[in-house]
Amino acid sequence: MSTVPSTLRQPLRVHPLTYLPDGDDVVVGRTDVDSFGVFPPDGAALLRRIADGMPPADAADWYAETYGEQVDLAEFLGVLSELDFLAGDERPAATPAPVRWQRLGRWLFSPPARVLYALLLVGAVTAMALRPRLIPQPDNFFYTDYVTALALTVFLGQIPLILVHESFHALAGRRLGLRSGLRVDHRLHFLTFETNLDGLVVVPRRQRYLPMLAGMLADLLLVAVLTLAAAATLHPDGSPSGVGGFCLALAFLTVLRFAWQFAFYLRTDLYGVVTTVLGAHDLQGAARRVLANRARRLVGRPPVDEAGLHPRDREVARWYSWLLLVGYAVSLGVLVFAVLPTTLRTIGLTAARLVHPAHAAEIVDALIFLTVTVGQFVLVGALMVRNRRQRRAAADLRHLTQ
Numbered sequence: 001m002s003t004v005p006s007t008l009r010q011p012l013r014v015h016p017l018t019y020l021p022d023g024d025d026v027v028v029g030r031t032d033v034d035s036f037g038v039f040p041p042d043g044a045a046l047l048r049r050i051a052d053g054m055p056p057a058d059a060a061d062w063y064a065e066t067y068g069e070q071v072d073l074a075e076f077l078g079v080l081s082e083l084d085f086l087a088g089d090e091r092p093a094a095t096p097a098p099v100r101w102q103r104l105g106r107w108l109f110s111p112p113a114r115v116l117y118a119l120l121l122v123g124a125v126t127a128m129a130l131r132p133r134l135i136p137q138p139d140n141f142f143y144t145d146y147v148t149a150l151a152l153t154v155f156l157g158q159i160p161l162i163l164v165h166e167s168f169h170a171l172a173g174r175r176l177g178l179r180s181g182l183r184v185d186h187r188l189h190f191l192t193f194e195t196n197l198d199g200l201v202v203v204p205r206r207q208r209y210l211p212m213l214a215g216m217l218a219d220l221l222l223v224a225v226l227t228l229a230a231a232a233t234l235h236p237d238g239s240p241s242g243v244g245g246f247c248l249a250l251a252f253l254t255v256l257r258f259a260w261q262f263a264f265y266l267r268t269d270l271y272g273v274v275t276t277v278l279g280a281h282d283l284q285g286a287a288r289r290v291l292a293n294r295a296r297r298l299v300g301r302p303p304v305d306e307a308g309l310h311p312r313d314r315e316v317a318r319w320y321s322w323l324l325l326v327g328y329a330v331s332l333g334v335l336v337f338a339v340l341p342t343t344l345r346t347i348g349l350t351a352a353r354l355v356h357p358a359h360a361a362e363i364v365d366a367l368i369f370l371t372v373t374v375g376q377f378v379l380v381g382a383l384m385v386r387n388r389r390q391r392r393a394a395a396d397l398r399h400l401t402q
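full-length UniProt numbering applies: residue 1 is where the sequence shown begins, and numbers increase by one.
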């Protein structure tokens with residue numbers, strides 16, 4: 001029998017937990033607070049005994065009889081406490097509240113909705129085939145001569161569309177009972193929304209793909225809706241109306257965001273899908289290590305030791321590292337053939353208005369454009385400072401509690 005304090009001969013209160021076997025481990029978590037831990041199978045079995053009402057001391061005895069070794073019960077219970085799995089004597093185990101918007105999420109990805117989505121996509125492709133002017137292309141962005149309108153289209157017009165993209169992620173997660181949510185953040189110097197899908201770690205692997213890919217589905221649907229709206233407002237000569245031009249500009253920008261997802265090195269939606277399919281852990285870090293070692297060998301330098309990499313990551317990185325290069329190539333292609341021409345043309349319009357204005361309104365137009373453009377960088381900078389302060393405060397708190 002194991003020697004443990006008599007106080008551990010009483011059952012502990014444990015919050016409702018979810019268990020998901022994942023390879024050689026078991027992911028255990030509380031989906032109500034997004035707290036998760038990875039346990040070996042024997043550790044998960046011990047946790048199940050405690051969660052089912054067996055006193056910890058008795059569970060430790062059962063563990064010793066079953067697995068032939070003693071468990072450090074104090075350390076094990078400390079881990080459970082850090083993960084906030086234990087309710088404690090002063091409060092009952094939490095009863096998960098109903099997940100809001102779960103019904104909407106289920107409807108959004110129901111068979112009738114999928115039929116509607118297919119009709120929208122087929123309709124948009126047909127419209128583009130009949131009217132090539134509707135195909136997303138850089139020229140569609142310049143639907144007006146006013147650069148202020150173009151800036152607002154980029155920085156403000158896209159915000160509702162990005163919100164739709166992330167909302168599809170969140171609702172696909174809520175459909176499964178996850179408490180997914182949105183927050184404001186930035187990617188490089190771009191303002192964006194991000195969805196918290198941490199709860200996917202306790203969802204069977206085959207059910208994770210839809211929440212991961214839901215945002216790209218939303219982008220395709222947005223392009224379809226915007227294209228059909230532009231097609232419905234074409235002038236008799238086939239040229240787009242003002243509203244139609246605005247829709248085509250947004251559709252072009254949405255296609256750029258869709259292509260962005262192939263930039264695996266930025267840990268995009270597709271990167272999450274790839275790592276899930278392959279069962280990898282830190283595939284990004286492993287692939288970069290492998291690529292760096294290839295480069296070092298080419299120049300005759302000794303490679304960096306790869307022994308510290310997870311075996312699965314090291315195995316997959318042998319070929320995934322080439323796919324990482326594809327992501328770099330796609331990003332470079334989008335930059336050269338879409339972003340750079342659009343940016344240079346916009347800068348040219350702004351400079352022309354400042355240097356050779358036809359009237360005062362053009363000067364005002366150019367100044368507002370510069371204000372909006374710089375304003376985005378200021379806002380992103382403020383978010384970076386906020387995030388840095390939060391990380392520093394969290395680090396200080398960890399230091400104080402150690």
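C-beta atoms are modelled at their ideal positions from N, C-alpha and C, and glycine is treated no differently.
query	result
Looking only at its own chain, which residues have a Cβ that is under 7 angstroms from the Cβ of Cys247, when we skip the five neighbours before and after it?	Leu226, Ala229, Ala230
By Cβ distance below 7 angstroms, which residues in the same chain neighbour Gln102 in space, the five residues on each side in sequence not counted?	Arg174, Arg175, Gly177
DSSP puts Phe36 in a beta bridge; with which residues?	Gly29
Nearest to Leu291 by alpha carbon, out of Arg314, Val277, Gly279?	Arg314
Comparing alpha-carbon positions, which option in Arg179, Arg100, Ser81, Leu220 lies nearest Leu119?	Leu220
Using 8 angstroms for Cβ pairs, my map puts Val26 next to Pro11. What's the rounded Cβ distance?	In fact, because the Cβ distance is near 22 angstroms, the residues do not count as touching under 8 angstroms.
Which first and last residues belong to the beta strand (DSSP E) in which Leu200 is found?	No beta strand (DSSP E) contains Leu200, which DSSP labels as neither H nor E.
Buried or exposed: Phe337, going by 16 or more other Cβ atoms within 10 Å of its Cβ?	exposed
Is the number of C-beta pairs between the region 28-42 and the region 194-214 that are closer than 8 angstroms three or more?	yes
Determine the direct distance from the alpha carbon of Arg13 to that of Glu90, and round the result to whole angstroms.	Its pLDDT being 47, under 50, Glu90 is placed unreliably in this model, and the value from its coordinates should be taken loosely. Going by the C-alpha atoms only, they are around 10 angstroms apart.
Go ahead and pull the three-state DSSP assignment for Thr227.	helix
Note down, in chain order, each residue of its chain lying with its Cβ closer than 7 angstroms to the Cβ of Phe262, except the 5 sequence neighbours on either side.	Leu270, Gly327, Val330
Given 8 angstroms as the limit, is there contact between the region 353-364 and the region 267-282, that is, 3 or more CB pairs closer than that?	no
Which whole-angstrom value is the C-beta distance of Arg296 and Pro302, which I expect to be below 8 angstroms?	7 angstroms
Threshold first: 4 residues or longer. Then list the alpha helix (DSSP H) segments lying entirely within the region 267-324, N to C.	269-278, 283-298
Are the CB atoms of Ala249 and Tyr143 nearer to each other than 9 angstroms?	yes
DSSP three-state call for Thr144: helix, strand or coil?	coil
Pop quiz: Val277 and Leu20 are said to be a contact at Cβ under 8 angstroms. What is the actual Cβ separation, rounded to whole angstroms?	Contact doesn't hold; Cβ gap of about 16 angstroms is too wide.
Compute the Euclidean distance between the alpha carbons of Pro132 and Pro341, then round it to the nearest angstrom.	20 angstroms
With C-beta atoms as the reference, is Asp365 less than 9 angstroms away from Tyr117?	no
Taking all protein chains shown into account, do 16 or more other C-beta atoms lie within 10 angstroms of the C-beta of His15, making it buried, or fewer, making it exposed?	buried
Whole-angstrom Cβ separation of Thr268 and Leu161, contact assumed at under 8 angstroms?	No, Thr268 and Leu161 are not in contact; Cβ-Cβ is about 17 angstroms, not under 8 angstroms.
Cα separation between Leu324 and Asp61?	49 angstroms
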